[in-house]
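K.L.:
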Amino acid sequence: MPNSVFEEVNLFFDAAADRLGLEDGLRQMLKRPWRELLVQVPVRMDDGRVNVFNGFRVQHNGARGPYKGGVRFHPNADLEEVRALASLMTWKTALAGLPYGGAKGGVQVDPGQLSTGELNRLTRRYTQNIEHLIGPNRDIPAPDLGTNAQTMAWMMDAYGLSNGHSPAVVTGKPVEMGGSLGRQSATGRGVSYVLSSVSEDLKLDPSKTRVAIQGFGNVGFWAAKLIEEMGYIVTAVSGVDGGAYNSKGIDVKSLGEHQENTGGISGFTGGEPISNQELLELECDVLIPAAIDNVITEDNASLVQASLILEAANHPITPEADQLLNERKVLILPDILVNAGGVIVSYFEWTQNLQEFRWEEERVNQELKKTILRSYQEVRDRTGGGLITPRSASFQIGVERVAHVVQLRGFV
Ligand code: NAD
Numbered sequence: 000m001p002n003s004v005f006e007e008v009n010l011f012f013d014a015a016a017d018r019l020g021l022e023d024g025l026r027q028m029l030k031r032p033w034r035e036l037l038v039q040v041p042v043r044m045d046d047g048r049v050n051v052f053n054g055f056r057v058q059h060n061g062a063r064g065p066y067k068g069g070v071r072f073h074p075n076a077d078l079e080e081v082r083a084l085a086s087l088m089t090w091k092t093a094l095a096g097l098p099y100g101g102a103k104g105g106v107q108v109d110p111g112q113l114s115t116g117e118l119n120r121l122t123r124r125y126t127q128n129i130e131h132l133i134g135p136n137r138d139i140p141a142p143d144l145g146t147n148a149q150t151m152a153w154m155m156d157a158y159g160l161s162n163g164h165s166p167a168v169v170t171g172k173p174v175e176m177g178g179s180l181g182r183q184s185a186t187g188r189g190v191s192y193v194l195s196s197v198s199e200d201l202k203l204d205p206s207k208t209r210v211a212i213q214g215f216g217n218v219g220f221w222a223a224k225l226i227e228e229m230g231y232i233v234t235a236v237s238g239v240d241g242g243a244y245n246s247k248g249i250d251v252k253s254l255g256e257h258q259e260n261t262g263g264i265s266g267f268t269g270g271e272p273i274s275n276q277e278l279l280e281l282e283c284d285v286l287i288p289a290a291i292d293n294v295i296t297e298d299n300a301s302l303v304q305a306s307l308i309l310e311a312a313n314h315p316i317t318p319e320a321d322q323l324l325n326e327r328k329v330l331i332l333p334d335i336l337v338n339a340g341g342v343i344v345s346y347f348e349w350t351q352n353l354q355e356f357r358w359e360e361e362r363v364n365q366e367l368k369k370t371i372l373r374s375y376q377e378v379r380d381r382t383g384g385g386l387i388t389p390r391s392a393s394f395q396i397g398v399e400r401v402a403h404v405v406q407l408r409g410f411v
């Protein structure tokens, strides 16, 4: 039994490495992070006290290019979680064919409990403490759970104080500071493109397809909005404070406005209240976890009624639950394929920054579609018509690409 989320992700890696017949030394090198940094992040709070938070940056693998990965502000962020997320970035960027390695950062903090000033100070101190590891050609952070474009603006500013104007050091910045048009919606848009393609393959009629989405933040909101626009029925959505269900479809725009005004989903009158757990177990056709990791476990896997799951969040399904769902022939499209839209458009943002050039949003969306659907087709082809799962296929492609470059570079 794995003891941590990193060990869980490595079960997926091991299965791919076995299948690819990787020799032991190479396997060890690919599995373990290349470099890890733990920092303390002292912050002067508004009331004058000093609070000291734990911060992390894990650079998992840099064979294919600069390290790339988000920064998470969450009370549960710890070294094992950040390692797991960093390794997923390595396989994700390789699967998407991007010239990047994989990394992740985090600070153990509940951002909802901090004022804007406190968050600004925390972000700057964290950036200063990891500054010697990051840079446009070294390691490029981006937003993740609990962070956003504002966080990236503070990071870019803090890094720029000693390194000069460096927009390419972070992605997911505000557009006014060199962010890419289309970056905010990119992960959710990628999810919608993948859903549209798998629906064609499975011959699903969007107007009869009920979709439940857990998470209504950056990823969940845009996924819900775009999926609704494509004609699917988004019957349920939830956030940390609970969710809403409407068999005829939630009005995503009104729910977005409600969340904007009240800070959450509870109290929304366009649907019945449901809990996060109930959402996962709802009668629906497609389930999209788009919040946090480990929400579908061996305890609730048998209660999931959807026949198709798109992992918009990172690692929302434990390996035990994955196995149970596979046995029930539930089709699972994995995180490293489904939520790659964010890092794909981050790549476009980085290239625009390096060239001091801006793309039109239409071009960003078109290139995103082309890139993520190429990955989808590669994964579908690799499954050999159902001989292996899309998760196995995705990990095999990612691991194979990284292993190949490690060998070309002559590391082993
Ligand atoms: P976010 O902070 O914008 O939104 C998170 C959402 O999850 C919110 O609706 C919040 O209410 C909800 N949530 C938080 N804790 C919860 C809990 N315990 N139970 C149920 N819901 C909870 O974050 P995001 O950027 O939308 O990221 C969501 C997921 O997608 C994460 O797993 C992240 O790693 C992954 N992801 C994000 C991106 C990106 O571009 N933002 C890219 C790839 C993957």
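Residues in the sequence shown are numbered from 0 upward in steps of one, following numbering that gives the first Met the number 0. Think of the CB as a built atom: it goes at the ideal place given N, C-alpha and C, for glycine as much as any other residue. Remember, it's a predicted structure, so these values are computed and weren't measured experimentally.
(1) Going by DSSP in three states, Val193 sits in which element: helix, strand or coil?
(2) At 4 residues or longer, and completely inside the region 250-283: list those alpha helix (DSSP H) runs for me, N to C.
(3) Provide the residue span of the alpha helix (DSSP H) that contains Gln39, from first to last.
(4) So, under 8 angstroms CB-CB, His314 and Ala83 are touching, yes? Tell me the CB distance rounded to an integer number of Å.
(5) Are the Cβ atoms of Ala102 and Gly145 separated by less than 8 angstroms?
(6) Using DSSP with H/G/I as helix, E/B as strand and the rest coil, what is Pro142?
(7) Which residue comes first and which comes last in the beta strand (DSSP E) that contains Val210?
(8) Given a cut-off of 8 angstroms on the beta-carbon distance, is the pair Leu309 and Val233 in contact?
(9) So is Ser301 buried or exposed if we call it buried at 16+ other beta carbons inside 10 Å?
(10) Can you tell me where the alpha helix (DSSP H) holding Arg82 begins and where it ends?
(11) If you measure from the CB of Gln213, is any heavy atom of the ligand NAD nearer than 7 angstroms?
(12) Examine the ligand NAD and report whether any of its heavy atoms sits within less than 7 angstroms of the Cβ of Ile287.
(13) Report the partner residues of Gln107 according to the DSSP bridge assignment.
(14) Mapping the DSSP letters down to three states, classify Lys247 as helix, strand or coil.
(15) Should Val218 be listed as close to the ligand NAD, given that the test is whether its C-beta is under 7 angstroms from any heavy atom?
(16) Take Tyr66 and list the residues in its own chain whose beta-carbon comes closer than 6 angstroms to its own, dropping the five residues that flank it on each side.
(17) Could you tell me the alpha carbon to alpha carbon distance between Gly178 and Asp143, rounded to whole angstroms?
(18) To which residues of the same chain is Val51 closer than 6 angstroms at the C-beta, ignoring the five residues directly before and after it?
(19) Cα-Cα, which of Pro135, Glu280 and Val251 is closest to Phe267?
(20) Please report the residue range of the beta strand (DSSP E) in which Gln58 lies.
(21) Who does Tyr67 pair with in a DSSP beta bridge?
(22) Exposed or buried, what is Gly163 when buried is set at 16 or more other beta-carbons lying within 10 Å of its beta-carbon?
(23) Write down the C-beta distance between Ala312 and Ile291 rounded to the nearest angstrom, noting that I regard them as a contact closer than 8 angstroms.
(24) Is Ser237 near the ligand NAD, in the sense that its beta carbon is under 7 angstroms from a heavy atom of that ligand?
(25) Return the first residue and the last residue of the alpha helix (DSSP H) that Val342 is part of.
(26) Under 7 angstroms: does the beta carbon of Ile291 sit that close to some heavy atom of the ligand NAD?
(27) Which residue marks the beginning of the beta strand (DSSP E) containing Val8, and which one marks its end?
(28) On the DSSP letters alone, give me the boundaries of the alpha helix (DSSP H) that Ser374 sits inside.
(29) CA-CA distance, Leu97 and Asp46?
(30) Using 8 angstroms for Cβ pairs, my map puts Gly263 next to Asp240. What's the rounded Cβ distance?
(31) Hey, quick one: how far does the beta strand (DSSP E) through Ala320 stretch, first residue to last?
(32) Do Asp77 and Gln112 come within 8 angstroms of each other at the CB atom, strictly closer than that value?
(33) Could you check whether Asn9 and Lys30 sit closer than 8 angstroms to each other, using their CB atoms as the reference points?
P.N.:
Let me spell this out:
(1) Residue numbering aside, residue 193 sits at position 194 when the sequence shown is read from its first letter. DSSP places Val193 in helix when its eight states are reduced to three.
(2) 251-261 and 275-279
(3) In the sequence shown, the residue the question calls residue 39 occupies position 40. Element bounds for Gln39: not the alpha helix (DSSP H) but the beta strand (DSSP E), Arg34 to Arg43.
(4) Residue 314 sits at position 315 when you count from the first residue of the sequence shown. Residue 83 sits at position 84 when you count from the first residue of the sequence shown. Rounded, the Cβ-Cβ distance is 6 angstroms, consistent with contact.
(5) If you number the sequence shown from 1, residue 102 lands on position 103. If you number the sequence shown from 1, residue 145 lands on position 146. No, Cβ-Cβ distance for Ala102 and Gly145 is not below 8 angstroms.
(6) Position 143 of the sequence shown holds residue 142. It is a strand residue.
(7) As a working note, residue 210 is residue 211 in the sequence shown. Looking at the DSSP string, the run of the beta strand (DSSP E) that includes Val210 is Arg209 to Gln213.
(8) For this step, residue 309 is matched to residue 310 along the sequence shown. For this step, residue 233 is matched to residue 234 along the sequence shown. Against a cut-off of 8 angstroms, the Cβ pair of Val233 and Leu309 comes out as no contact.
(9) Numbered from 1 along the sequence shown, position 302 holds the residue referred to as residue 301. Result: exposed.
(10) As a working mapping, residue 82 is identified with position 83 in the sequence shown. Note, Arg82: alpha helix (DSSP H), Leu78 to Leu94.
(11) Sequence index remark: in the sequence shown, residue 213 carries index 214 (1-based). Indeed, a heavy atom of the ligand NAD lies less than 7 angstroms from the Cβ.
(12) Translated into the one-based positions of the sequence shown, residue 287 becomes position 288. Every heavy atom of the ligand NAD is 7 angstroms or more from the Cβ of Ile287, so no.
(13) If you number the sequence shown from 1, residue 107 lands on position 108. Partner(s): His73.
(14) Within the sequence shown, residue 247 is the residue found at index 248, counting from 1. In the structure shown, the three-state DSSP call for Lys247 is coil.
(15) Numbered from 1 along the sequence shown, position 219 holds the residue referred to as residue 218. The answer is yes for Val218.
(16) Numbered from its first residue, the sequence shown carries residue 66 at position 67. Within the same chain, Tyr66 has close Cβ partners Gln58, Gly100, Ala102 and Asp138.
(17) Along the sequence shown, read from residue 1 onward, the residue named residue 178 stands at position 179. Along the sequence shown, read from residue 1 onward, the residue named residue 143 stands at position 144. Distance between the alpha carbons of Gly178 and Asp143 is about 15 angstroms.
(18) Translated into positions along the sequence shown, residue 51 becomes position 52. These residues qualify, in order along the chain: Gln39 and Pro41.
(19) Within the sequence shown, the letter at position 268 stands for residue 267. Minimum Cα distance to Phe267 is reached at Val251.
(20) Here residue 58 corresponds to residue number 59 of the sequence shown, with the count starting at 1. Per DSSP, Gln58 belongs to the beta strand (DSSP E) from Val49 to Asn60.
(21) Counted from its first residue, the sequence shown places residue 67 at position 68. Note that residue 67 corresponds to Lys in the displayed sequence, not to Tyr. Bridge partners of Lys67: Ile139.
(22) The residue given as residue 163 occupies position 164 in the sequence shown. So Gly163 counts as exposed.
(23) To locate residue 312, count along the sequence shown from 1; it is residue 313. To locate residue 291, count along the sequence shown from 1; it is residue 292. Indeed, because the Cβ distance is near 6 angstroms, the residues count as touching under 8 angstroms.
(24) Translated into the one-based positions of the sequence shown, residue 237 becomes position 238. Flag set: Cβ of Ser237 near the ligand NAD.
(25) Sequence index remark: in the sequence shown, residue 342 carries index 343 (1-based). DSSP places Val342 inside the alpha helix (DSSP H), whose first and last residues are Gly340 to Gln354.
(26) By one-based count along the sequence shown, residue 291 stands at place 292. Correct: Ile291 has its Cβ closer than 7 angstroms to the ligand NAD.
(27) To locate residue 8, count along the sequence shown from 1; it is residue 9. Note, Val8: premise wrong, no beta strand (DSSP E); alpha helix (DSSP H) at Val4 to Leu19.
(28) Here residue 374 refers to the residue found at position 375 when the sequence shown is read from its first residue. Note, Ser374: alpha helix (DSSP H), Glu360 to Arg381.
(29) The count along the sequence shown starts at 1 and reaches residue 97 at position 98. The count along the sequence shown starts at 1 and reaches residue 46 at position 47. Looking at the two C-alpha atoms, the distance is approximately 45 angstroms.
(30) Indexing the sequence shown from 1 puts residue 263 at position 264. Indexing the sequence shown from 1 puts residue 240 at position 241. Their Cβ separation, rounded to whole angstroms, is 4 angstroms, which keeps Gly263 and Asp240 in contact under 8 angstroms.
(31) Locating residue 320 in the sequence shown gives position 321, where the first residue counts as 1. It is not in any beta strand (DSSP E) - Ala320 instead sits in the alpha helix (DSSP H) that spans Pro318 to Glu326.
(32) Translated into positions along the sequence shown, residue 112 becomes position 113. Translated into positions along the sequence shown, residue 77 becomes position 78. No, Cβ-Cβ distance for Gln112 and Asp77 is not below 8 angstroms.
(33) Stepping through the sequence shown from its first residue, residue 30 is reached at position 31. Stepping through the sequence shown from its first residue, residue 9 is reached at position 10. Cβ distance < 8 angstroms, so Lys30 and Asn9 count as in contact.
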